[in-house]
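Quick note: the sequence shown uses UniProt numbering, first residue 1, plus one each step.
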Amino acid sequence: MEAFKILPVLKKKLAFLSGGKDRRSGLILTIPLCTEQTSMEELSATLDYLLSIPSEKCKARGFTVIVDGRKSQWNIVKTVVLMLQNVIPAEVSLVCVVKPDEFWDKKVTHFCFWKEKDRLGFEVILVSANKLTRYIEPCQLTDEFGGSLLYDHLDWLNKRLVFEKFTKESTSLLDELIVINENEKGSQFSNGLTLDFCPKCCFSPLITGHELLSELQQRRFNGSEGGGGGGTAWSPMDDELLAQPQVMKLLDSLREQYTKYQEVCRQRSKRSQLEEIQTKVMQVVNWLEGPGTEQLRTQWGIGDSIRASQALQQKHEEIESQHSEWFAVYVELNQQIAALLSAGDEEDLMELKGLQQQLSDVCYRQASQLEFRQNILQSAHEFHMTAQDLSQQLDGLLGMLCADVAPTDGAAIQQTLKHLEEKLKSVEGALQSLREKGQVLLDQMSTQTSFSYGKDVSIENKENIDHIHSVMEDMQLRKQRCEDMVDVRRLKMLQMVQLFKCEEDASQAVEWLGELLDALLKTHIRLGDDSQETKVLLEKHKKFVDVAQSTYDYGRQLLQATVVLCQSLRCTTRSSGDTLPRLNRVWKQFTVTSDERQHRLEMASAFHTAAEKILRESPELAELMVDVEAYEEVETVGKGLLDRLTVPVIFPDGSEQFFGSPGDMASSAESIRERMKLVEEKRFLQEEEVLQSAACASRCSAGPVQK
Numbered sequence: 001m002e003a004f005k006i007l008p009v010l011k012k013k014l015a016f017l018s019g020g021k022d023r024r025s026g027l028i029l030t031i032p033l034c035t036e037q038t039s040m041e042e043l044s045a046t047l048d049y050l051l052s053i054p055s056e057k058c059k060a061r062g063f064t065v066i067v068d069g070r071k072s073q074w075n076i077v078k079t080v081v082l083m084l085q086n087v088i089p090a091e092v093s094l095v096c097v098v099k100p101d102e103f104w105d106k107k108v109t110h111f112c113f114w115k116e117k118d119r120l121g122f123e124v125i126l127v128s129a130n131k132l133t134r135y136i137e138p139c140q141l142t143d144e145f146g147g148s149l150l151y152d153h154l155d156w157l158n159k160r161l162v163f164e165k166f167t168k169e170s171t172s173l174l175d176e177l178i179v180i181n182e183n184e185k186g187s188q189f190s191n192g193l194t195l196d197f198c199p200k201c202c203f204s205p206l207i208t209g210h211e212l213l214s215e216l217q218q219r220r221f222n223g224s225e226g227g228g229g230g231g232t233a234w235s236p237m238d239d240e241l242l243a244q245p246q247v248m249k250l251l252d253s254l255r256e257q258y259t260k261y262q263e264v265c266r267q268r269s270k271r272s273q274l275e276e277i278q279t280k281v282m283q284v285v286n287w288l289e290g291p292g293t294e295q296l297r298t299q300w301g302i303g304d305s306i307r308a309s310q311a312l313q314q315k316h317e318e319i320e321s322q323h324s325e326w327f328a329v330y331v332e333l334n335q336q337i338a339a340l341l342s343a344g345d346e347e348d349l350m351e352l353k354g355l356q357q358q359l360s361d362v363c364y365r366q367a368s369q370l371e372f373r374q375n376i377l378q379s380a381h382e383f384h385m386t387a388q389d390l391s392q393q394l395d396g397l398l399g400m401l402c403a404d405v406a407p408t409d410g411a412a413i414q415q416t417l418k419h420l421e422e423k424l425k426s427v428e429g430a431l432q433s434l435r436e437k438g439q440v441l442l443d444q445m446s447t448q449t450s451f452s453y454g455k456d457v458s459i460e461n462k463e464n465i466d467h468i469h470s471v472m473e474d475m476q477l478r479k480q481r482c483e484d485m486v487d488v489r490r491l492k493m494l495q496m497v498q499l500f501k502c503e504e505d506a507s508q509a510v511e512w513l514g515e516l517l518d519a520l521l522k523t524h525i526r527l528g529d530d531s532q533e534t535k536v537l538l539e540k541h542k543k544f545v546d547v548a549q550s551t552y553d554y555g556r557q558l559l560q561a562t563v564v565l566c567q568s569l570r571c572t573t574r575s576s577g578d579t580l581p582r583l584n585r586v587w588k589q590f591t592v593t594s595d596e597r598q599h600r601l602e603m604a605s606a607f608h609t610a611a612e613k614i615l616r617e618s619p620e621l622a623e624l625m626v627d628v629e630a631y632e633e634v635e636t637v638g639k640g641l642l643d644r645l646t647v648p649v650i651f652p653d654g655s656e657q658f659f660g661s662p663g664d665m666a667s668s669a670e671s672i673r674e675r676m677k678l679v680e681e682k683r684f685l686q687e688e689e690v691l692q693s694a695a696c697a698s699r700c701s702a703g704p705v706q707k
């Protein structure tokens with residue numbers, strides 16, 4: 001049975017010999033059942049084919065069969081095991097049925113293989129995949145069973161096909177060679193018995209056989225090495241499965257018969273080969289020194305663009321294509337001459353060596369010229385590609401520089417600057433690459449004279465050299481102009497960064513001033529409980545106003561700087577329409593609010609001073625009477641201060657704002673009323689004392705008169 005006849009079935013991998021062996025050195029046959037229904041006919045055909053591979057000696061050691069039923073049903077597994085009794089009963093030593101972890105337990109109780117051992121002729125065990133190593137070493141198991149044995153089914157199948165094809169072809173060829181060599185050398189050859197035989201037909205089986213033998217030996221060597229390590233590369237393509245001695249025997253027979261055939265043919269064909277070689281050598285030499293040389297003499301340009309250099313390369317490829325045909329003839333002739341030299345007679349050696357030398361000199365010279373021309377065209381193409389890429393980069397950079405700059409913020413400017421620097425750096429790198437490629441091309445062209453076959457190429461070279469220098473100088477000038485424009489753009493963008501920074505800081509100053517105004521209205525509420533505290537609040541208020549004044553001055557300076565920068569950049573002042581009016585509006589509101597706060601503190605200071613002058617009690621001044629005007633002053637200032645607390649701050653735009661909350665104003669007013677109440681009580685007491693003093697004086701003056 002041949003593999004190609006049941007190739008679709010073998011590809012299904014219904015069963016395979018992995019190359020692993022059990023502890024008795026018997027081969028391991030694996031039957032991987034799947035979830036789909038397995039065809040017993042196909043499985044039987046597969047087993048028949050696999051069992052035809054090992055030698056009788058190997059079969060005598062018996063097989064260990066692994067039936068992988070983890071993805072199959074129990075009845076299929078049972079059918080496969082029973083089928084083994086009919087297919088390979090004598091060769092099977094042990095059948096390991098790999099069961100799934102969670103099923104079959106109930107079904108197994110209805111069918112026990114160990115009871116059928118005598119009828120089956122072999123032992124059957126049910127085992128989990130992780131316990132399979134109890135019966136087989138891990139290094140002899142494939143990876144699906146937790147082993148380290150490497151097995152590639154398609155690779156094995158391909159090698160089997162190669163082996164069978166080699167066996168078939170080599171046997172047929174060997175029979176043909178034996179028939180030819182057993183006939184009489186003279187008469188039979190003249191009758192044309194070998195006219196249809198091609199000696200080259202021997203090469204394919206020989207090459208295939210050598211490759212196959214090398215593969216077998218290499219696999220055997222790797223397998224023996226891998227067996228001692230952590231993983232094994234043992235393959236079923238060893239001498240037991242593919243009969244390495246059979247391959248070696250066929251190869252030896254082929255070589256022997258082919259050698260005899262060559263010996264028979266050599267003498268008759270030697271003279272005709274020599275004459276044919278002479279004719280072909282002269283054909284090759286005449287074409288290479290004639291039309292071939294003339295084609296190269298007309299090709300010296302390098303083109304002035306990528307398209308031109310590509311056209312020249314295409315033309316050169318056509319020339320090379322014509323030369324390759326003659327070079328192929330040269331290779332064949334050289335091989336024929338070498339073969340004749342190794343087996344030629346003394347009288348033919350000098351003539352053959354002369355032909356070989358003449359042919360080699362002409363071909364090598366022409367090949368060198370072709371390679372040199374190809375190198376120049378390749379360098380020219382790279383030079384033109386680099387020049388075009390550099391030109392495009394310069395155009396892109398120039399486009400960026402000519403475009404108007406309208407960034408939205410400083411970060412955008414920094415990003416644009418970074419992009420410009422990257423573009424300029426890329427241009428510098430491309431220009432340096434252009435110089436290097438241009439120098440390489442110039443160096444190559446300087447050696448072109450030695451291949452000119454006597455032709456003066458100085459004119460062509462001068463035009464090419466002038467073009468290369470012109471391109472490099474033009475790119476250098478364009479790059480310098482772009483650098484100058486980048487410097488100007490960089491300066492302009494740095495000024496724009498300063499402009500954005502000034503505008504940002506000016507807006508921040510407006511925010512700070514607004515925060516100061518908000519703090520003044522919401523937190524600067526207290527008027528003090530006495531004159532001393534009020535004076536302290538007045539000092540703090542002055543410092544607070546100084547801070548606001550410096551903030552306003554700082555914002556004005558920043559806006560003036562933006563005006564100067566905008567004039568330098570020739571753009572509209574960005575702050576005049578927004579930031580400056582906001583700054584002035586907030587400052588006016590702050591000025592009105594701070595003046596109101598100043599007036600209230602001054603009134604509070606006058607009120608507390610007048611009240612304290614009345615309310616203070618000192619032993620030395622105990623009998624001092626306070627003028628009525630002092631009481632009236634306290635009352636007038638107090639009422640005015642209370643009235644002022646109820647009046648909001650009116651901004652220039654007509655809007656109003658109170659200091660603090662209503663509760664804060666009520667607390668301040670209550671403190672003033674209490675002080676006014678104390679002064680009023682003092683005034684009342686003083687008036688009573690005056691009345692009492694007057695009554696007492698009246699009684700004193702009336703007393704003596706009554707007596």
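Note that CB positions come from ideal geometry on N, CA and C, so glycine has one too.
Give me the Cβ distance between residue i and residue j, rounded to the nearest whole Å; I'm assuming they're in contact under 8 Å.
i	j	result
LYS479	VAL427	6 Å
MET475	LEU431	6 Å
ILE525	GLY640	Not a contact, Cβ separation roughly 18 Å.
ALA611	VAL679	5 Å
GLN444	SER379	6 Å
GLN589	PHE651	5 Å
GLN149	GLY19	Checking the sequence, you will find Leu at residue 149 rather than Gln. Contact holds; Cβ gap of about 7 Å.
ARG373	LEU441	About 13 Å separates the two Cβ atoms, so there is no contact after all.
ARG24	SER93	7 Å
HIS323	GLN366	7 Å
Go through its chain and collect everything with a Cβ distance to residue i's Cβ below 7 Å, but skip five positions before and after it.
i	result
ASP155	none
ILE76	LEU33 and THR38
VAL545	SER594
LYS21	LEU27, ILE28 and GLN140
Pick helix, strand or coil for residue i, following the three-state DSSP scheme.
i	result
ILE28	strand
MET385	helix
THR259	helix
MET676	helix
residue 711	Since the displayed the chain opens at 1 and closes at 707, residue 711 lies outside it and no answer follows.
GLN557	helix
ILE53	coil
ARG699	helix
GLU2	coil
ASP484	helix
GLN37	coil
GLN283	helix
ARG616	coil
GLN73	coil
ALA606	helix
Based on the DSSP output, what are the partners of residue i in its beta bridges?
i	result
LYS21	LEU27
VAL92	PHE63
ILE650	GLU656
ASP68	PRO32 and VAL98
LEU16	It is worth fixing the name first, because residue 16 is Phe in this sequence and not Leu. Paired residue(s): THR30.
In chain order, what residues of the same chain lie with their CB nearer than 8 Å to the CB of residue i, ignoring the 5 residues before and after it?
i	result
LEU174	LEU250, SER253, LEU254 and GLN257
PRO648	GLU656, GLN657 and PHE658
GLN283	VAL329
Quick one: what's got a C-beta closer than 6 Å to residue i's C-beta in the same chain, skipping five residues either side?
i	result
GLU633	ALA610
ALA129	VAL98 and PHE145
CYS502	LEU558, ALA561 and THR562
- Message: Just to confirm the assignment: which complete beta strand (DSSP E) runs, minimum length 3, are found wholly within the stretch 122-173?
- Response: 123-127
- Message: To test your reading of the DSSP string, which unbroken alpha helix (DSSP H) runs of 4 or more residues are found completely within the stretch 299-371?
- Response: 306-343
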